[in-house]
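Student:
Residue numbers (full-length UniProt numbering): 1 to 209.
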């Protein structure tokens with residue numbers, strides 16, 4: 001690739017209007033070109049195989065195969081793929097999941113167009129791009145104990161209004177085991193009660209409603 005060749009970009013988002021909006025913004029920028037679009041993770045993998053874009057903008061939350069799974073699948077075949085995750089969530093937990101899946105950047109959909117362009121250019125240059133506020137959240141929680149998959153499952157059911165007895169029946173656990181999970185969750189999140197734990201988990205992107 002020469003210095004004058006445009007950055008070739010794949011845009012993945014399950015909302016057509018948002019996808020078209022992103023494409024319009026990017027195509028208006030000199031030195032950037034949309035080569036394909038996809039509406040879910042499975043289609044993203046197919047379009048990546050077909051076009052081998054320089055940078056992929058990947059929506060985090062999509063039905064079926066989400067952005068995390070799609071990024072991991074693409075990186076499994078092309079370890080050098082440069083994927084920038086797009087999301088409405090500012091939580092550190094979602095960002096950490098994206099980075100662990102191999103994303104090189106993390107952009108909020110609410111960010112100005114200038115930041116989107118800068119994120120794409122940084123990713124193309126092989127440089128990690130994380131908004132300052134999300135980087136601060138990551139740093140603030142780097143030493144925290146992470147919730148286990150079972151604890152996340154329990155917390156989701158707490159968020160849905162389930163009592164310990166109901167959750168125990170749903171997960172085929174004893175009530176005491178559920179109580180123990182809830183206690184551990186509150187401790188790890190430094191929460192004062194169940195409602196506080198849910199609020200913290202939603203803010204950090206550990207769970208979503």
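The C-beta atom is built at its ideal place from N, Cα and C for all residues, glycine as well. None of the values given here were measured: they were computed from a predicted structure.
Measuring CA to CA, which of 208, 154 and 113 is closest to residue 29?
Tutor: When only C-alpha atoms are compared, the closest one is 113.
Student: Once the 5 residues before and after residue 73 are set aside, which same chain residues still bring their CB inside 6 angstroms of it?
Tutor: 45
Student: Looking only at C-alpha atoms, which of 89, 150 and 97 sits nearest to residue 68?
Tutor: 97
Student: Can you check which of these residues, 139, 135 and 175, is closest to residue 154 by C-alpha distance?
Tutor: 175
Student: Quick check: the Cα distance between residue 166 and residue 160, rounded to an integer number of angstroms?
Tutor: 11 angstroms
Student: If you drop the 5 nearest sequence neighbours on each side, which residues of the same chain put their C-beta closer than 6 angstroms to that of residue 75?
Tutor: 81 and 102
Student: Between which two residues does the beta strand (DSSP E) containing residue 105 stretch?
Tutor: 105-108
Student: Which same chain residues end up closer than 6 angstroms to residue 186 when comparing Cβ atoms and leaving out the 5 residues on each side of it in sequence?
Tutor: 197
Student: By the three-class DSSP mapping on this structure, what secondary structure does residue 8 have?
Tutor: strand
Student: Grouping DSSP H, G and I as helix and E and B as strand, with all else coil, what is residue 59?
Tutor: strand
Student: Just the C-alpha distance for residue 199 and residue 38, rounded to the nearest angstrom, thanks.
Tutor: 33 angstroms
Student: If distances are taken between C-alpha atoms only, which option among 179, 178, 137 and 124 comes closest to residue 206?
Tutor: 137
Student: Do the region 53-62 and the region 6-17 make contact, defined as three or more Cβ pairs closer than 8 angstroms?
Tutor: yes
Student: Please give me, in chain order, every unbroken run of the alpha helix (DSSP H) with length at least 4 that falls completely inside the region 121-161.
Tutor: 132-140 and 149-159
Student: Excluding the 5 residues preceding and the 5 following residue 13 in the sequence, name in chain order all residues of the same chain whose CB lies nearer than 6 angstroms to its CB.
Tutor: Sequence-distant Cβ neighbours of residue 13 in its own chain, meaning closer than 6 angstroms and more than five residues away, are 19 and 59.
Student: Select from 183, 192 and 15 the residue whose C-alpha is nearest the C-alpha of residue 147.
Tutor: 183
Student: Using DSSP with H/G/I as helix, E/B as strand and the rest coil, what is residue 88?
Tutor: coil
Student: Hey, which unbroken runs of the beta strand (DSSP E) at 3 residues or more fall wholly within the region 10-84?
Tutor: 32-38 and 55-59
Student: If you check the beta carbons only, do residue 91 and residue 194 fall under 7 angstroms apart?
Tutor: no
Student: Could you check the C-alpha separation between residue 65 and residue 71 for me, to the nearest Å?
Tutor: 10 angstroms
Student: Could you check if residue 94 is buried or exposed, using at least 16 other CB atoms within 10 Å of its CB as the buried criterion?
Tutor: buried
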